[in-house]
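Asks:
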Amino acid sequence: MQLSRRARVALRVAAGLGFAVIYVPLLLVLVNSLNPDRSASWPPPGLTLHWWSVAWTNSGARAALWVSVKAGLGATAVALVLGTLIAFAVARHRFFGRDALSFVVVLPIALPGIVTGIALNSAFQAVLQPLGIGLGLFTVVVGHATFCVVVVFNNVAARLRRTSGSYEDAAADLGAHTFRAFADVTFPLVRSALFAGGLLAFALSFDEIVVTTFTAGPGIETLPVWIFGNMTRPQQAPVVNVVAAVLVLLSVIPVHAAQRLSADTATGSRV
């Protein structure tokens, strides 16, 4: 489709405005983390790394970061196992209710976070508390896994739909048992999709706040929850800016890596 020069200029301006709305506030967070003043004055009178050193020694922020990492790794592990198994079932087999299963798996990421959080909180109190299991890191991992499964499932299922099952059949004809065929043939074909899905799942879990609020027990505070709780404290404002900047940077890394790993899917390359 050929566009006129005026249409191309209009599209570029609209795209530039859209990117500005998204990324300029993130840039301001990074700049404010270097602001020597406690208040977010603009323009900043100078640049300093003082608040970065203060944030590094902040025990609350460091503890929250470690909780976020543990929750993200746990949710990612659960999502990789469940998402991969469901993707293989849907993409490689035909059975009654296959489309319904796909819908049920994908649905949690479309639901409002507060609805998921309330539902999980009620379920945990009704099922786990009578068994002596209260809200804590375990329930946070389970809550995050409900939507992390979706990204792993979508990545692996998309790769399997592009990959013919004849590869596994050929390996079986040559005498390879199921696990050998998976290790030598199937896993190399879906490896990058697994890594990309795992990285995206970790990024989703690391940034989650709504579901965490309803599933975390006393003393369990992830980094986003710590930021939200300290935003209204004037003395903590510079440290919050630093932690928010770190959160932005840590979120960019897995998303960028996942995009690079998934690039071969877009280009149609084969392993």
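Residue numbers (full-length UniProt numbering): 1 to 271. Quick reminder that beta carbons are idealized off the backbone N, C-alpha and C, glycines included.
Quick one: using the 10 Å Cβ neighbour count with 16 as the cut-off for buried, is histidine 50 buried or exposed?
Replies: Your numbering for residue 50 matches position 50 in the sequence shown. It counts as exposed.
Asks: With three or more beta-carbon pairs closer than 8 Å as the criterion, would you say the stretch 113 to 122 touches the stretch 210 to 230?
Replies: yes
Asks: What are the boundary residues of the alpha helix (DSSP H) that includes histidine 144?
Replies: Your numbering for residue 144 matches position 144 in the sequence shown. It spans 137 to 162 - the alpha helix (DSSP H) in which histidine 144 sits, taken as one unbroken run.
Asks: Looking at the secondary structure, which residues open and close the alpha helix (DSSP H) in which histidine 50 lies?
Replies: Looking up residue 50 in the sequence shown gives position 50. Residues 50 to 56.
Asks: Under the three-state reduction of DSSP, which class applies to valine 13: helix, strand or coil?
Replies: Counting from 1 along the sequence shown, the entry for residue 13 is found at position 13. Helix, per DSSP.
Asks: When the Cα atoms are used, what is the spatial distance from asparagine 35 to valine 90?
Replies: Here residue 35 refers to the residue found at position 35 of the sequence shown. Here residue 90 refers to the residue found at position 90 of the sequence shown. Their backbone Cα atoms lie some 52 Å apart in a straight line.
Asks: DSSP state of glutamine 236, grouped into three classes?
Replies: Within the sequence shown, the letter at position 236 stands for residue 236. Helix.
Asks: Tell me which residue opens and which closes the alpha helix (DSSP H) that alanine 79 is part of.
Replies: Taking the sequence shown and counting its residues from 1, the one referred to as residue 79 is at position 79. DSSP places alanine 79 in the uninterrupted alpha helix (DSSP H) bounded by 59 to 92.
Asks: Exposed or buried, what is leucine 17 when buried is set at 16 or more other beta-carbons lying within 10 Å of its beta-carbon?
Replies: For the purposes of this step, residue 17 is identified with residue 17 of the sequence shown, where counting begins at 1. Taking all protein chains in view, the Cβ of leucine 17 is surrounded by fewer than 16 other Cβ atoms within 10 Å, so the residue is classified as exposed.
Asks: Do you know how far the Cα of threonine 163 is from the Cα of leucine 189?
Replies: Numbered from its first residue, the sequence shown carries residue 189 at position 189. Numbered from its first residue, the sequence shown carries residue 163 at position 163. Cα to Cα, the separation comes out at about 8 Å.
Asks: Could you work out which residue in Leu247, Thr84, Leu199 is closest to arginine 260 when comparing CA atoms only?
Replies: Against the sequence shown, residue 260 aligns to sequence position 260. The residue with the shortest Cα to Cα distance from arginine 260 is Leu199.
Asks: Could you pull out every residue in the same chain whose Cβ sits closer than 7 Å to the Cβ of leucine 65, ignoring the five residues on either side in sequence?
Replies: The residue given as residue 65 occupies position 65 in the sequence shown. The answer, listed in chain order, is Leu223.
Asks: Helix, strand or coil for asparagine 35, going by three-state DSSP, please let me know.
Replies: Residue numbering aside, residue 35 sits at position 35 when the sequence shown is read from its first letter. Three-state DSSP puts asparagine 35 in coil, outside helix and strand.
Asks: Are three or more beta carbon pairs between the stretch 193 to 207 and the stretch 70 to 80 nearer than 8 Å?
Replies: yes
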